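S.K.: What follows is a structure written as structure tokens; I'll ask about it next.
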């Protein structure tokens, strides 16, 4: 699930009204608007669009064609990836491009080659990951890099080594450790050589959890406790060795949910395990809040100010 403002900017925290969401991980995508009423009440209304016919595993929003609105890259597991272009009013059209066919599990957008437009890193489960380079108008070319062991389940982009460009943390499953890929600034990536964790990782979120100014990583794992990896500022990570939850996590989102100025974590769990919130003490040490949130099979979580009261829902 992705939250974004109607007027064009993808947001990870406060979302002014009105808000809309893409919902994925199914046979097709649904596109919903949040409608706000008096006193900041809201509900989600289906826009009526059914987008695609493949098993969609992930979606990322960004201005892919340079016209100022949010388009969508959809990573499909049972078919090629698709790009849907926005008409500016929330109507989406299939761009006609078919990108890759390696059981894609996740996608992240960012300016990987420094030319001012959004490129795409796609995490593939049945083939090596791929980087797709944007021509600025929504036309994508495979960079032909062989990236990873081919068990990618999630990817997060951020400047991990402090050199000003976007690097990649890739969460892997099926016995493959997570990997960190460093960018040379032109969109060419090198394996950092780190093998991070032994669990089946489903999701990664990057953020400065210990307050030292660099990006750390929170990992949601399927078959081991979740993990927090601390960055030394150069892109080298050390396991914080915290025991963070049960063995059934699927997704994690970071945000300041208690208003104390640091990043906390909402973890979406499956197999009947409720979602949980982990509170940060400001130094990167997390404590279970004790809240048991739902009992369903949760696969995604996104944080945003849905009711307009200034905090994260």
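In my numbering, the protein residues as written are 3 to 315. Beta carbons: idealized from backbone N, C-alpha and C, even for Gly. Remember, it's a predicted structure, so these values are computed and weren't measured experimentally.
(1) According to the neighbour-count rule (16 or more other Cβ atoms, all chains shown, within 10 Å of its Cβ), is residue 36 buried or exposed?
(2) Output needed for residue 295: all residues of its chain with C-beta closer than 6 Å, excluding positions within five of it in sequence on either side, in chain order.
(3) Would you say residue 184 touches the ligand HEM, meaning its beta carbon is less than 7 Å from a heavy atom?
(4) Under 8 Å: do the segment 279–295 and the segment 199–209 share three or more Cβ pairs, one atom per stretch?
(5) Alpha carbon to alpha carbon, how far is residue 233 from residue 215? Give it in angstroms, no decimals.
(6) By the three-class DSSP mapping on this structure, what secondary structure does residue 290 have?
(7) Buried or exposed for residue 80, please, with buried defined as at least 16 other CB atoms from any protein chain shown within 10 angstroms of its CB.
(8) From residue 217 to residue 193, what does the alpha carbon distance come to, in whole angstroms?
(9) Return helix, strand or coil for residue 78, following the three-state DSSP convention.
(10) Below 8 Å, how does it come out for the segment 255–274 and the segment 298–306: are there three or more Cβ pairs, yes or no?
(11) Around the C-beta of residue 240, are 16 or more other C-beta atoms found within 10 angstroms, so that it is buried, or is it exposed?
(12) Can you name, in chain order, every residue of its own chain whose Cβ lies under 6 Å from the Cβ of residue 138, other than the five neighbours on each side?
(13) When you compare only the Cα positions, how much space is there between residue 57 and residue 104?
(14) Taking the alpha-carbon positions, what's the residue 111 to residue 66 distance?
(15) Between the C-alpha atoms of residue 106 and residue 116, what's the straight-line distance to the nearest angstrom?
(16) What does residue 239 pair with, by DSSP beta-bridge criteria?
(17) Using the three-state DSSP reduction, which class does residue 204 fall into: helix, strand or coil?
(18) Nearest to residue 55 by CA position, among 70, 160, 84, is which residue?
(19) Measure the beta-carbon distance from residue 203 to residue 180 and round it to whole angstroms, keeping in mind my assumption that it falls under 8 Å.
(20) Determine the direct distance from the alpha carbon of residue 148 to that of residue 305, and round the result to whole angstroms.
(21) Give a yes or no on whether the C-beta atoms belonging to residue 87 and residue 50 are separated by under 8 Å.
(22) Please list, in chain order, all residues of the same chain as residue 99 whose beta carbon is under 6 Å from its beta carbon, the five residues on each side excluded.
M.R.: According to the structure data:
(1) Taking the chain shown and counting its residues from 1, one reaches residue 36 at position 34. Note that residue 36 scores 47 on pLDDT, short of 50, meaning its location in the model is unreliable; the coordinates nonetheless yield the value given after this. In the assembly as shown, residue 36 is a buried residue. Its beta-carbon has 16 or more other beta-carbons within 10 Å.
(2) The sequence position of residue 295 within the chain shown is 293, counting from 1. The answer, listed in chain order, is 276, 277.
(3) No copy of the ligand HEM occurs in the structure displayed, which carries no ligand at all.
(4) Pairwise C-beta distances place the segment 279–295 out of contact with the segment 199–209, as fewer than three of them are shorter than 8 Å.
(5) Locating residue 215 in the chain shown gives position 213, counting from the first residue. Locating residue 233 in the chain shown gives position 231, counting from the first residue. Spanning the two alpha carbons is a distance of roughly 10 Å.
(6) On the chain shown, residue 290 is found 288 positions in, with the first residue counted as 1. DSSP places residue 290 in strand when its eight states are reduced to three.
(7) Translated into positions along the chain shown, residue 80 becomes position 78. Answer is exposed; the Cβ neighbour count stays below 16.
(8) In the chain shown, residue 217 corresponds to position 215, counting from 1. In the chain shown, residue 193 corresponds to position 191, counting from 1. Roughly 18 Å separates the two Cα atoms.
(9) Within the chain shown, residue 78 is the residue found at index 76, counting from 1. Strand.
(10) The count of Cβ pairs closer than 8 Å, one atom from the segment 255–274 and one from the segment 298–306, reaches three, so the stretches are in contact.
(11) Numbered from its first residue, the chain shown carries residue 240 at position 238. Exposed, by the Cβ-count rule.
(12) On the chain shown, residue 138 is found 136 positions in, with the first residue counted as 1. If we look at residue 138 and ignore the five residues flanking it on each side, its Cβ neighbours are 68, 119.
(13) Position 55 of the chain shown, counting from 1, holds the residue named residue 57. Position 102 of the chain shown, counting from 1, holds the residue named residue 104. Each residue's Cα considered, the two are about 13 Å apart.
(14) In the chain shown, counting from the first residue as 1, residue 111 sits at position 109. In the chain shown, counting from the first residue as 1, residue 66 sits at position 64. So the alpha carbons of these two residues sit roughly 9 Å apart.
(15) Taking the first residue of the chain shown as 1, we reach residue 106 at position 104. Taking the first residue of the chain shown as 1, we reach residue 116 at position 114. Taking the straight line from one Cα to the other gives about 25 Å.
(16) In the chain shown, counting from the first residue as 1, residue 239 sits at position 237. According to DSSP, which records beta bridges pairwise, residue 239 is partnered with 233.
(17) To locate residue 204, count along the chain shown from 1; it is residue 202. Strand, per DSSP.
(18) Position 53 of the chain shown, counted from the start, is the residue given in the question as residue 55. Its Cα nearest to that of residue 55, the residue 84 stands out among 70, 160, 84.
(19) On the chain shown, residue 203 is found 201 positions in, with the first residue counted as 1. On the chain shown, residue 180 is found 178 positions in, with the first residue counted as 1. Yes, residue 203 and residue 180 are in contact; Cβ-Cβ is about 5 Å, under 8 Å.
(20) By 1-based counting over the chain shown, the position of residue 305 is 303. By 1-based counting over the chain shown, the position of residue 148 is 146. Roughly 33 Å separates the two Cα atoms.
(21) By one-based count along the chain shown, residue 87 stands at place 85. By one-based count along the chain shown, residue 50 stands at place 48. No. Outside cutoff.
(22) Here residue 99 refers to the residue found at position 97 of the chain shown. Closer than 6 Å at Cβ, skipping near neighbours: 85.
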